[in-house]
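Take a look at the structure set out below.
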Amino acid sequence: MLNLSIGCERTYTTVFNLQSHIISFHEAKRPFMCEHPGCGRVFAIKQSLVRHAAVHDPKRRKLISEVKKPRPKRSLASRLSGFIPPKAPGRNVLPVGETPTLPAMESTLPTVETLTLA
């Protein structure tokens with residue numbers, strides 16, 4: 042773990058994250074400014090500015106909204122228990138207490154011939 046040791050108790054696992062923290066919080070540097078008219082937002086990291094640019098581009102904004110599908114909310118207990126909900130409702134899901142059955146044709150094993158070399 043990386044830490045500043047100048048009174049800040051934050052720790053980071055990478056040098057990049059530590060440097061980002063120093064620049065944005067301790068040095069209060071935000072050299073990357075959005076040049077879109079009327080915006081003026083400033084960022085400490087160039088990547089944050091690049092990510093922000095999607096807000097001003099209607100085409101990219103539409104793509105982002107199409108890609109991101111809302112995930113169902115789960116309780117903390119559900120997440121900690123390891124329960125994994127089904128991917129899609131009604132997709133080969135049996136009701137509770139019902140056992141799976143095979144169709145009659147598939148329940149018999151096929152006949153296999155044994156071949157030997159003479």
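Numbered according to the numbering used here, the sequence shown spans residues 42 to 159. Where is the CB? At the ideal position from N, CA and C, for every residue including glycine. This one's a predicted model, so the numbers in the text were calculated from it and none came from an experiment.
| Item | Value |
| --- | --- |
| Those residues which DSSP pairs with V83 across a bridge | M74 |
| Top-ranked residue by Cα proximity to S89, from P126, N58, H67 | N58 |
| Reduced DSSP category for S61 - H, G, I as helix; E, B as strand; rest coil | helix |
| Proximity of H77 and H93 at Cβ, strictly below 7 angstroms | no |
| Beta-carbon gap between A95 and I64 smaller than 7 angstroms | no |
| A69 (DSSP reduced to helix, strand or coil) | coil |
| C-alpha gap between S122 and S116, whole angstroms | 10 angstroms |
| Three-state class that DSSP yields for R120 in the structure shown | helix |
| Three-way DSSP call (helix, strand, coil) for P99 in this model | helix |
| The ligand SAH heavy atom lying under 6 angstroms from the CB of P99 | What this structure holds is no ligand at all, so the ligand SAH is not there to describe. |
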